[in-house]
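Numbering (my numbering), first residue to last: 3 to 145.
Shown next, in the form of structure tokens:
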């Protein structure tokens with residue numbers, strides 16, 4: 003696996019990976035209605051691209067296939083960290099986090115919370131976030 007900087011041409015693939023990961027990996031912790039609110043399949047690619055370009059964004063690849071991505075805002079907020087469903091528990095998320103050492107805070111899903119806790123992050127607070135009229139539980143975490 004290799005890590006490389008984000009390229010604008012990656013945006014559609016990252017949006018697809020995001021949708022597939024949410025609807026498979028996170029399905030054990032969230033209802034179908036919550037999953038649809040979180041990842042509707044309709045991503046504003048221009049907005050995502052602008053966000054990725056404004057952040058330090060890394061893409062994980064294996065033999066040319068994108069297997070994960072993460073992006074870090076200038077203020078230390080780890081905005082997105084998603085790993086392809088077939089690449090879970092294979093070190094992709096750890097490699098991405100290790101390559102973004104400035105990460106200080108994130109909003110972790112129920113699914114991601116144990117990963118961050120194993121890395122030494124702590125829960126600051128549980129929160130309910132509204133997406134399209136649906137509440138989702140996540141956790142503000144700091145390292």
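Backbone N, C-alpha and C fix where the C-beta goes; we use that ideal spot for every residue, glycine too.
The Cβ atoms of residue 83 and residue 95 lie closer than 7 angstroms to each other.
For residue 24, the uninterrupted alpha helix (DSSP H) run begins and ends at 13-26, by DSSP.
In this structure, residue 102 keeps its C-beta atom at 7 angstroms or more from the C-beta atom of residue 139. Within the same chain, Cβ atoms closer than 6 angstroms to the Cβ of residue 137 are found at 130, the five residues on either side in sequence being excluded.
The residues 86, 87, in chain order, have a CB closer than 8 angstroms to that of residue 22 in the same chain once the five nearest residues on each side in sequence are set aside. Looking at the DSSP output, residue 63 bridges to 4, 68.
Under DSSP, residue 117 forms no beta bridge with any residue. With the rule of 3 Cβ pairs closer than 8 angstroms, the region 52-67 does not count as touching the region 31-38. Counting along the chain, no alpha helix (DSSP H) covers residue 33, and no H or E run does either.
The beta carbon of residue 108 is closer than 6 angstroms to those of 80, 143 in its chain, skipping five residues each way along the sequence.
Per the coordinates, the alpha-carbon of residue 42 lies some 14 angstroms from the alpha-carbon of residue 50. With 16 or more neighbouring CB atoms inside 10 Å of its own CB, residue 70 falls in the buried class.
DSSP lists 111, 129 as the bridge partner or partners of residue 140.
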